[in-house]
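Okay, structure first, notes after.
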Amino acid sequence: MKSALVIAGLVLGVTYMMMRPSDEPPTDETMVALPRAQLWAELAKPFASMQQKAEHITTVAGKPPVRVKFTFDRKEGEMLDVQGVAAFRTVEVKAWLEDGARPGETRLKVLFKPASLGRKTGSTDLRYQLRNLLEQGDAQFIEGERVTAMFGN
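Next up, the structure:
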């Protein structure tokens, strides 16, 4: 009986994992009083700088320090995604930009993994959380140094 419950639990777990959408929905969204092109330029600059530095600089996380492997993805004017993997820990920030209902507005959707990553700034302003994380991450991209903006100390 006990083994049947274990097997049933495994089957349910595997089924859930297989049926989950591959592109997870954003955790938060907000309207920003900026045209999409302007908001994109604001966010794309530190993102592009981090991406360029990641090609040449080895960063670390944790104690003892372990190498961080960063991957970047972007769809011009629409989506930014940065993911960092250090040993068994993965963090990710993914942002989508869409035209708002009114001219000059942009709908900003953001997925922070883990969710606490966005709250590290102490602000509830989603745009500020995202911009701050990207700018701090970019500033901390120094050979052999910790990227605490994304991984903590």
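The numbers in numbering that gives the first Met the number 0 rise by one with no breaks, and the one at position 56 of the sequence shown is 55. Ideal Cβ placement from N, Cα and C applies to all residues, glycine included.
Practice item. Please report how far the alpha carbon of ARG66 lies from the alpha carbon of PRO34, in whole angstroms. Key: Sequence index remark: in the sequence shown, residue 66 carries index 67 (1-based). Sequence index remark: in the sequence shown, residue 34 carries index 35 (1-based). Each residue's alpha carbon lies about 38 angstroms from the other.
Practice item. Alpha carbon to alpha carbon, how far is PRO64 from GLU142? Give it in angstroms, no decimals. Key: For the purposes of this step, residue 142 is identified with residue 143 of the sequence shown, where counting begins at 1. For the purposes of this step, residue 64 is identified with residue 65 of the sequence shown, where counting begins at 1. Cα to Cα, GLU142 sits roughly 12 angstroms from PRO64.
Point to revise | Cβ-based neighbour list, GLU77, same chain, cut-off 7 angstroms, excluding 5 preceding and 5 following | key: In the sequence shown, the residue the question calls residue 77 occupies position 78. Excluding sequence neighbours, GLU77 sits near TRP95, LEU96.
Review point. So what's ASP27 in DSSP terms, helix, strand or just coil?
Key: Here residue 27 corresponds to residue number 28 of the sequence shown, with the count starting at 1. Residue state, collapsed to three classes: strand.
Review point. In the structure shown, what three-state DSSP assignment does ALA100 receive?
Key: By one-based count along the sequence shown, residue 100 stands at place 101. Coil.
Review point. Quick one: what's got a C-beta closer than 7 angstroms to SER21's C-beta in the same chain, skipping five residues either side?
Key: Sequence index remark: in the sequence shown, residue 21 carries index 22 (1-based). With a pLDDT of only 45 at SER21, under 50, the local geometry of the prediction cannot be trusted, and no value is derived from it.
Check your understanding: Between the C-alpha atoms of THR109 and GLU144, what's the straight-line distance to the nearest angstrom?
Key -> As a first step, residue 109 is located in the sequence shown; it is residue number 110 there, counting from the start. As a first step, residue 144 is located in the sequence shown; it is residue number 145 there, counting from the start. Note on identity: in this sequence residue 109 is Val, with Thr being the wrong assignment. The straight-line gap from Cα to Cα measures roughly 27 angstroms.
Practice item. Check whether the Cβ atoms of PHE150 and ALA85 lie closer than 8 angstroms to each other. Key: Position 151 of the sequence shown holds residue 150. Position 86 of the sequence shown holds residue 85. Yes.
**Study point:** Inter-residue spacing [alpha-carbon to alpha-carbon] between TYR127 and THR26
**Key:** Position 128 of the sequence shown, counted from the first residue, corresponds to residue 127. Position 27 of the sequence shown, counted from the first residue, corresponds to residue 26. Taking the straight line from one Cα to the other gives about 15 angstroms.
Exercise for review: Check GLN51 in the structure and name its three-state DSSP category.
Suggested key: Here residue 51 refers to the residue found at position 52 when the sequence shown is read from its first residue. DSSP places GLN51 in helix when its eight states are reduced to three.
Exercise for review: Assuming LYS74 and VAL90 form a contact by the criterion Cβ under 8 angstroms, report the distance between their Cβ atoms to the nearest whole angstrom.
Suggested key: Counted from its first residue, the sequence shown places residue 74 at position 75. Counted from its first residue, the sequence shown places residue 90 at position 91. Actually they do not touch by this definition, with Cβ atoms about 20 angstroms apart.
Exercise for review: State the beta-bridge partners of GLN82 as determined by DSSP.
Suggested key: Within the sequence shown, the letter at position 83 stands for residue 82. Per DSSP, THR70, GLU91.
Practice item. Excluding the 5 residues preceding and the 5 following THR147 in the sequence, name in chain order all residues of the same chain whose CB lies nearer than 7 angstroms to its CB. Key: Counted from its first residue, the sequence shown places residue 147 at position 148. Same-chain partners within the cutoff: GLN139.
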